[in-house]
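Residue numbers (the working numbering): 31 to 422.
1. What did DSSP end up calling residue 210 once you bin it into helix, strand or coil?
2. Thinking C-alpha only, which one of 394, 350, 92 and 353 is nearest residue 192?
3. Use the C-beta contact count for residue 184: other C-beta atoms within 10 angstroms, 16 or more gives buried, fewer gives exposed.
4. Sorted by chain position, which residues of the same chain lie with C-beta nearer than 7 Å to residue 98's C-beta, five sequence neighbours on each side aside?
5. Mapping DSSP to helix, strand and coil, what is residue 407?
6. Once DSSP output is grouped into helix, strand and coil, what is the label at residue 187?
7. Going by C-alpha distance, which of 137, 256, 264 and 255 is nearest residue 249?
8. What three-state label does DSSP hand residue 402 in the structure shown?
9. Does DSSP classify residue 114 as helix, strand or coil?
10. Determine the closest residue to residue 167 out of 178, 156, 115 and 127, with distance taken between C-alpha atoms.
11. List the endpoints of the continuous beta strand (DSSP E) containing residue 337.
12. DSSP three-state call for residue 271: helix, strand or coil?
13. Counting Cβ pairs, one atom from each stretch, are 3 or more of them under 8 Å apart for the segment 336 to 344 and the segment 297 to 312?
14. Write down the C-beta distance between residue 138 and residue 322 rounded to the nearest angstrom, noting that I regard them as a contact closer than 8 Å.
15. Please state the DSSP three-state secondary structure of residue 140.
Written as structure tokens, this is what we have:
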């Protein structure tokens, strides 16, 4: 090794970009800019194109998040300060985003440690409860048992009606699984019960995990860093595509309770404690604390109308905007973003145009519209044609 060179002790998958000096260029003012930003933009645009595909998706999701709490999560070689700390941050953000994108969905958490599986939280729709239970059980130890975790999830998901999707997302950091029996039999039962299993690996690709996702039509990805870890897990916030032979179209009975104001505290059916205020089930009149939920007495699904409306954006996504790449021109062309009113120089930055209303947007607004707003501002504010107006 030549003098002056420092040995790079990082593993190959820890390196974000090779030869980063090759992607540095200068703009017209002589300032340095890098194509790394362009790579990130292309990746986000690719995700938008995938989410905008016209495919059938399940709105009523039931998902178990299986988290590895074995001793392998104490490793600090690839994530700082440890894998466990990074996982807690990413999972907490995932739970919030999951319920923001899927208001009527249900989620539960299962922990793997000491060769057993422990159900931390039952299927429910309250994100604060799941986050609190996750932090209270954030201890590591022993080996991970994938078979035990799958069996716990399978027993809980097997009674879910056919119109509800059954999903399992596994965060696996170990390089082996300590199981009491033949895990291939468990995988066969998961496939028989139509439970889709996906894995986010933190160490390396494992044969048994790949077999699991192939058998259940899930996905398997291995992280290359903390930011990539977050991106891989957040891909599961959108409902996966469904097939017509697995889920039949059917009507679902739902209740839309009104909030009640009690003069005195009364017993709620969900927590069995005295509370003031809440929601009254329209079918059995029992009191519940929060929405969305299932009535503990008559088992009726209770939601609010905004929850149901926000769930439809997966079925009717915003169309992918047409990209107009920057065109080199000695005369700068300035264009105003229709959303944030930011002035964009079309000779340096791309412009994104809605194919319906033909309004132009900057990159930040394009991402915000497709990932958070789920409505095109230009289409929503477009005047109604005269032939479609209601005449009194």
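Ideal placement from N, C-alpha and C gives every residue a C-beta, glycine not left out.
Inspection of the coordinates gives the following:
1. In the structure shown, residue 210 sits in coil (DSSP, three-state: anything other than H, G, I, E or B).
2. When only C-alpha atoms are compared, the closest one is 92.
3. With 16 or more other Cβ atoms within 10 Å, it is buried.
4. Sequence-distant Cβ neighbours of residue 98 in its own chain, meaning closer than 7 Å and more than five residues away, are 142, 174, 201, 202, 203 and 204.
5. Correct three-state label for residue 407: helix.
6. Helix, per DSSP.
7. Closest by alpha carbon: 264.
8. Residue state, collapsed to three classes: helix.
9. DSSP, reduced to helix, strand and coil, places residue 114 within a helical segment of the structure shown.
10. Measuring from the Cα of residue 167, the nearest candidate turns out to be 115.
11. Where residue 337 is concerned, there is no enclosing beta strand (DSSP E), although the alpha helix (DSSP H) around it starts and stops at 335 to 340.
12. Here DSSP, grouped into helix, strand and coil, assigns residue 271 to strand.
13. Flag = no, the segment 336 to 344 and the segment 297 to 312 do not touch.
14. At roughly 15 Å, the Cβ-Cβ gap does not stay under 8 Å, so residue 138 and residue 322 are not in contact.
15. Judged by DSSP in its simplified three-state form, residue 140 adopts strand.
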